[in-house]
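> Dropping a structure here in structure tokens format, bear with me for questions.
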Ligand code: 3PG
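Numbering (the numbering used here), first residue to last: 2 to 215.
Laid out in structure tokens, this is it:
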């Protein structure tokens, strides 16, 4: 199941206010070659947007982000999202997604959280807030004792076109995520071509680091 999540080295983190923007946004991403999206449960439009994208673009791998309450987790599963993420680690959410056979990526920022994630069987983890917490240097130090376990990370928080390559250069990092690929303002202003161009740029950088197969 989590193989799905290893298909793209870049994940756009989306905050969307109006579900009517969901389809054009997904189209802009797909035009740029991006076939994965994380829509954060930070707005009331999130679940409806996820539903619409799943319906209109079945080729898009559709994830729910910022899943922090039971209510949100239930709504995401009801919408049949492909995967979920959270900034933190809530065992109840991890188990709920597991019961529904959906991959879930909990957030970690300390060794204790890595251990808790491992004990719950999670191998793909979000490192959040990446840059504020200490960036790549900090993550390398946290990872070292757990390298045996096969865990891999998706850093988010402060990632951009300039620093993404350094992260993707590390095998322990399966993808980077960020809101810079399609900002709230760009979505509000329907700047779809700009979003497509940003996605292309990011995928080109990822391709340089990881090779064309990324
Ligand atoms: C997340 O939810 O992963 C982060 O808020 C994204 O962080 P960014 O806005 O700095 O990219």
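We treat Cβ as the ideally placed atom computed from N, Cα and C, and that holds for glycine.
As the structure is a computational prediction, the values presented were derived from the model and not from experiment.
1. Name the one or two DSSP bridge partners that residue 37 has.
2. In terms of residues, what are the limits of the beta strand (DSSP E) holding residue 15?
3. Below 8 Å on the Cβ atoms is my guess for residue 64 versus residue 200; work out the distance and round it to an integer in Å.
4. Express the C-alpha separation of residue 122 and residue 165 in angstroms, rounding to a whole number.
5. Measure the CB-CB distance between residue 205 and residue 10 and report whether it falls below 7 Å.
6. Express the C-alpha separation of residue 174 and residue 151 in angstroms, rounding to a whole number.
7. Quick check on residue 25: does DSSP put it in helix, strand or coil?
8. Which of the three DSSP states, helix, strand or coil, is assigned to residue 175?
9. On the three-state DSSP scale, how would you describe residue 8?
10. Report all residues from its chain with a CB closer than 6 Å to the CB of residue 193; omit the five preceding and five following residues, and keep chain order.
11. Less than 6 Å separating the Cβ of residue 9 from some heavy atom of the ligand 3PG?
Well, looking at it:
1. As a position in the chain shown, residue 37 is number 36, starting the count at 1. Beta-bridge pairing links residue 37 to 62.
2. Residue numbering aside, residue 15 sits at position 14 when the chain shown is read from its first letter. Counting along the chain, the beta strand (DSSP E) containing residue 15 begins and ends at 11-15.
3. If you number the chain shown from 1, residue 64 lands on position 63. If you number the chain shown from 1, residue 200 lands on position 199. Not a contact, Cβ separation roughly 16 Å.
4. One-based indexing of the chain shown puts residue 165 at position 164. One-based indexing of the chain shown puts residue 122 at position 121. Computed Cα separation, rounded: 27 Å.
5. As a first step, residue 205 must be located in the chain shown, where it is residue number 204. As a first step, residue 10 must be located in the chain shown, where it is residue number 9. Contact: no.
6. Along the chain shown, read from residue 1 onward, the residue named residue 151 stands at position 150. Along the chain shown, read from residue 1 onward, the residue named residue 174 stands at position 173. Residue 174 has its alpha-carbon roughly 11 Å from the corresponding atom of residue 151.
7. Residue 25 sits at position 24 when you count from the first residue of the chain shown. Residue 25 falls in the helix class under three-state DSSP.
8. As a position in the chain shown, residue 175 is number 174, starting the count at 1. In this structure, residue 175 counts as coil in the three-state DSSP scheme.
9. Sequence index remark: in the chain shown, residue 8 carries index 7 (1-based). The answer is coil: DSSP assigns residue 8 none of H, G, I, E or B.
10. Here residue 193 refers to the residue found at position 192 of the chain shown. Around residue 193: 25, 29.
11. On the chain shown, residue 9 is found 8 positions in, with the first residue counted as 1. Residue 9: no, Cβ never under 6 Å from the ligand 3PG.
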